[in-house]
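These protein sequences, in sequence, are chains A and B. Residues in the first sequence are numbered from 0 upward in steps of one, following numbering that gives the first Met the number 0. Residues in the second sequence are numbered from 0 upward in steps of one, following numbering that gives the first Met the number 0.
There are 2 protein chains.
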Amino acid sequence: MSQKPSLPKGTRDFTPKVVFQRNYIIQTIQKVFQKYGFDPIETPALENLSVLTGKYGDEGDQLLFKVLNSGDFLNKTAPEDYAAGSAHLTGKISEKGLRYDLTVPFARFVAMNRNEINFPFKRYQIQPVWRADRPQKGRYREFYQCDADVVGTHSLLCEAELIAMAQEVYDGLSFRDYQVSLSNRKILEGIALACGASDQFNAFCVTLDKIDKIGRERVFEELIKIGLKESDLQTLSDILHIEGDHHDKLNQLRPFVMDSTQGKVGIEEVENTLNYLKSLDVSTEKIVLDFTLARGLTYYTGIIYEIKPTTLQMGTITAGGRYDNLTGVFGLPDVSGVGISFGIDRIYDTLNELNLFPKQLKVENHVLITNFDATTENHALHVLSVLRNEGITAELYPEAAKLKKQLSFAHRKNIPYVLMVGTEEMKSKEYSLKHMETGEQQRLSVDQLVKLLLAMN
Amino acid sequence: MSQKPSLPKGTRDFTPKVVFQRNYIIQTIQKVFQKYGFDPIETPALENLSVLTGKYGDEGDQLLFKVLNSGDFLNKTAPEDYAAGSAHLTGKISEKGLRYDLTVPFARFVAMNRNEINFPFKRYQIQPVWRADRPQKGRYREFYQCDADVVGTHSLLCEAELIAMAQEVYDGLSFRDYQVSLSNRKILEGIALACGASDQFNAFCVTLDKIDKIGRERVFEELIKIGLKESDLQTLSDILHIEGDHHDKLNQLRPFVMDSTQGKVGIEEVENTLNYLKSLDVSTEKIVLDFTLARGLTYYTGIIYEIKPTTLQMGTITAGGRYDNLTGVFGLPDVSGVGISFGIDRIYDTLNELNLFPKQLKVENHVLITNFDATTENHALHVLSVLRNEGITAELYPEAAKLKKQLSFAHRKNIPYVLMVGTEEMKSKEYSLKHMETGEQQRLSVDQLVKLLLAMN
């Protein structure tokens, strides 16, 4: 009895072509992480629900994938538990859930391994996460996150390095049409104070954050609804009109937040981050100070930044910020950290749309050897073993077949070279090497072949 | 409110040191896979239970981790469903499960992507799997599998290449104390016929497979219980006493299975596999023909092999075989395949016990630059940017601290070099580079430093 197989909604298979492209992105990021001294860790996909629940807000709790206890999972339940409904029953039949992000597991990791960890701890982590979100274009239920964080120091050098790393990653991917929006959560507090909105700080920020989407006018209407006065809106309008280079902008902002200790610290932190970048000889050209930036309000406490493509409608492809109390909930207070997260799927879509993936992501000197019959096969096996002993990626077509079929196989597999081993070649010990892209063919002895292919990689 | 965090039973965190060691194993395997022309695929961790259930036997079904449907998962159930018990209710509240191995998802992948796949398809896949097994030493609920398979050809070249790959992997890991046991499922059929056990083929094999554990005598007692006669046991005993080199062994076995077409084909397939290895110039020294080998009875149909360390009590670290009907259950008949699977955790334990991990798994020229105060920090940042621009892995200690603390940090992080940048060095522009392992120190200009470090990698 056979069945028609299917995939769960929001999940994907990756074919070799896509894996090579995704690995190109991941390895580029990984190389930069390592170059800056970040070390990898891994945490399990399965976490106890006690670790995950309550960390992502009510909506996040809804979106956690929960795993049924194994065995007779009903044995600790009673009909009343069933009658009490899904939410109640979950607590009785499920103890584990799937990783929802990499931050909470990292916080748990730090709390549990505090005695072994070498602080300041620079870690990176590249693993899948799961969210029971409604699947839609570009949003999946299983997707990779790619994070780097430094915990255990307040140094703004970390903020500067994370931004430098992002720029180095995009350089490595030959992608340059992006903007880095930079601000500080503390500046928002200063602005809220200046606009008489300190009491409704969250509502103020959430509304302000919508400027790009709904426009300034409608944002101002909403702000009046939450209690801002005309004079507050005038102040806000003045702040929004600040223009100039980074230095100018910060100088113009300063008088607006002079009554806010937090606001002044925020400006100083942005300034110091920019100074670190300068000392590191890293360009700040792509950085735009955006004082209305309000991402991650519930956890970020200092510098915040996000990166978006400028020539594509794509949303944020990289973002991060500083949080002052990562591990407090797990019993380890006063651990400050700052992080960055790369969105692999959106970066993939960006490179794809802009045609920025290199054509050949496999090795350049991969060879397919033809197989016509038992006699030539046996000869071809010797050639194959010579190539492999030299470390060259080579394979023999596993059964006798027509040349056309084998060439088509090589073409579809994106193998750049085909080596013809027929009766004539066997005798002359000179083999025809066909370059698949150009169609060019040359006759070579095994020694010449090895030399040519080794020179290529 | 803080909580004491914990990990689910049978799951693990991996610290940087362990990740580097595991990646050393995985990358060694991956490099060999790619060198032999295998391409990577990835499948989701979440699979529909309709795909997973019934593929691993009753015990396997029990060990599947099942994921609760999201939202109000009880809304399609009635109190009777609750009353009917866990097994029944599962079907109503859970549609998805976690990947249990890589073979079934691969079969699903092949069936679903049959039109895009370039057959013969050589794929590898390295991903975690989950089993609700009782955790014990060396057995986890979440662990990695590392598989390579060729589907769409009957060529025994594939079998030979998989064995060659395994040997190349262990060469790459500098591990050489292992044995490759090789046989063919069809030979077992021939032996069963010779011993009058064809009717109880499965029981016969399962019993025979216990020889290593319980000894020949007890196995014979059990075989009598399932109906073998004294003369059958004599035949079996004669077969078990076959000795000599590969050629001798096969020649001595041949008369015993002359009445079995399958048995004769099995012998021929083993012979051809060995011949392919010889033509590939691959040593067959570590290969032992073991006609009682009975692994994977329910799915393997041809060549079977397994690799075990010879100097450690470790069990199988690599195994595989040919199966003739991988994708039939998913509506794609007649796809023959052959595969290999590496057990990362056991390989890890093996290398660990034998002290075979290289000491330095990070780059050799990683430098930590000291940070003593704001002035030297600013100078150090320039040195840092020069090193990084040359592609050298370098980091600045992120805040001012005592030298001792910074050296200890470098030591614990396994950073091989520390570059001292103090007031004096700032003036002379000659910096002291300390080699952490030897304690040696040398004074160098930035140019000399770059040259030295670049020459190292």
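Where a beta carbon is used, it is the ideal one built from N, C-alpha and C, also for glycine.
Query                                                                                                                                                                                     : Result
How many angstroms separate the CA atom of Val287(B) from the CA atom of Leu273(B)?                                                                                                       : 11 angstroms
Given 8 angstroms as the limit, is there contact between the segment 206-215 of chain B and the segment 386-404 of chain B, that is, 3 or more CB pairs closer than that?                 : no
Give the list of continuous beta strand (DSSP E) stretches no shorter than 3 residues that lie fully inside the segment 56-130 of chain B.                                                : 65-67, 93-97 and 120-129
Fully enclosed by the segment 189-217 of chain B, which alpha helix (DSSP H) runs are 4 residues long or longer?                                                                          : 200-207 and 210-213
Short of 7 angstroms in beta carbon distance, which residues of its chain neighbour Thr300(A), apart from the five on each side in sequence? Order them along the chain.                  : Arg184, Arg321, Tyr322 and Asp323
What residues from the segment 381-398 of chain B come within 9 angstroms of chain A, judged by C-beta to C-beta, listed N to C?                                                          : His381, Leu383, Ser384, Val385, Arg387, Asn388, Gly390, Ile391, Thr392, Ala393, Glu394, Leu395, Tyr396, Pro397 and Glu398
Secondary structure at Thr374(B), three-state DSSP: helix, strand or coil?                                                                                                                : helix
Just the chain A side, please: which residues come within less than 8 angstroms of Thr14(B) by C-beta, in chain order?                                                                    : Ile40, Asn112 and Glu115
Out of curiosity, what's the CA-to-CA distance linking Lys404(B) and Asp12(B)?                                                                                                            : 27 angstroms
At least one CB of chain B closer than 8 angstroms to the CB of Phe145(A): is that the case?                                                                                              : The amino acid at residue 145(A) is misidentified as Phe; the sequence shows Cys. Cβ-Cβ to chain B under 8 angstroms: no for Cys145(A).
Tell me the DSSP secondary structure of Val31(A) in three-state form.                                                                                                                     : helix
Return the residues of the segment 270-281 of chain A that lie within a Cβ-Cβ distance of less than 8 angstroms from chain B, sorted by chain order.                                      : Tyr275, Ser278, Leu279, Asp280 and Val281
Using a threshold of 8 angstroms, state whether the C-beta atoms of Asn456(B) and Tyr416(B) are closer than that.                                                                         : no
Which parts of the segment 266-315 of chain A are runs of the beta strand (DSSP E), unbroken and 3 residues or longer, counting only runs that do not cross its ends?                     : 286-288 and 302-308
Can Tyr177(A) and Ala147(A) be called in contact, C-beta distance under 8 angstroms?                                                                                                      : no
Grouping DSSP H, G and I as helix and E and B as strand, with all else coil, what is Met164(B)?                                                                                           : helix
Which whole-angstrom value describes the C-beta separation of Ile339(A) and Gly319(A), a residue pair presumed to lie in contact below a C-beta threshold of 8 angstroms?                 : 4 angstroms
Across the segment 1-20 of chain B and the segment 96-113 of chain A, are there enough close Cβ pairs to call them in contact, namely three or more that are closer than 8 angstroms?     : yes
In the structure shown, what three-state DSSP assignment does Glu46(B) receive?                                                                                                           : strand
Would you please state the rounded distance, in angstroms, between the beta carbons of Leu355(B) and Phe174(B)? I believe it to be under 8 angstroms.                                     : 6 angstroms
Identify the contact partners of Gly330(A) in chain B, using a Cβ-Cβ distance below 8 angstroms as the criterion.                                                                         : Ser1, Gln2, Lys3 and Pro4
Which residues, in chain order, does the segment 326-352 of chain A contribute to contact with chain B at a C-beta distance below 7 angstroms?                                            : Gly327, Val328, Phe329 and Gly330
Which residues, taken in chain order from the segment 397-423 of chain B, show a beta carbon closer than 7 angstroms to some beta carbon of chain A?                                      : Pro397, Glu398, Phe408, Arg411 and Lys412
Going by the beta-carbon positions, is the gap between Tyr275(A) and Leu155(A) smaller than 8 angstroms?                                                                                  : yes
Which residues of chain A have a Cβ atom closer than 7 angstroms to the Cβ of Asp244(B), listed in chain order?                                                                           : Within 7 angstroms Cβ-Cβ: nothing; Asp244(B) doesn't reach chain A, min ~21 angstroms.
With 7 angstroms as the limit, tell me which residues of the segment 71-83 of chain B have their beta carbon closer than that to any beta carbon of chain A; keep them in chain order.    : Asp71, Phe72, Leu73, Pro78 and Tyr81
Under the rule that 16 or more other beta-carbon atoms within 10 Å means buried, what is Gly226(A), buried or exposed?                                                                    : exposed
Residues of chain A with a CB under 9 angstroms from the CB of Ala318(B): which are they?                                                                                                 : Chain A residues near Ala318(B): none, gap ~21 angstroms exceeds 9 angstroms.
Return the CA-CA distance between Gly80(A) and Leu73(B), expressed in angstroms with no decimal places.                                                                                   : Reading the sequence as shown, one finds Asp at residue 80(A) and not Gly. Answer to the nearest angstrom: the Cα atoms are 11 angstroms apart.
Do Leu222(A) and Thr206(A) count as a contact pair if the criterion is CB distance below 8 angstroms?                                                                                     : yes
Give me, in chain order, the residues of the same chain whose beta-carbon lies closer than 8 angstroms to that of Leu249(A); leave out the 5 immediate sequence neighbours on both sides. : Ile266, Val269, Glu270 and Leu288
Give the secondary structure of Ser325(A) by DSSP, where H, G and I count as helix, E and B as strand, and everything else as coil.                                                       : The question names Ser, but residue 325(A) in the sequence shown is Leu. Leu325(A) falls in the coil class under three-state DSSP.
With 16 as the cutoff for other CB atoms within 10 Å, does Lys433(A) come out buried or exposed?                                                                                          : buried
At 3 residues or longer, what runs of the beta strand (DSSP E) sit wholly inside the segment 371-435 of chain A?                                                                          : 393-395, 416-419 and 430-434
Shortest alpha-carbon distance to Val168(B) belongs to which of Lys95(B), Pro78(B), Tyr23(B) and Asp38(B)?                                                                                : Tyr23(B)
So if DSSP puts Pro39(A) in a beta bridge, which residue, or which two residues, is it bridged to?                                                                                        : Tyr123(A)
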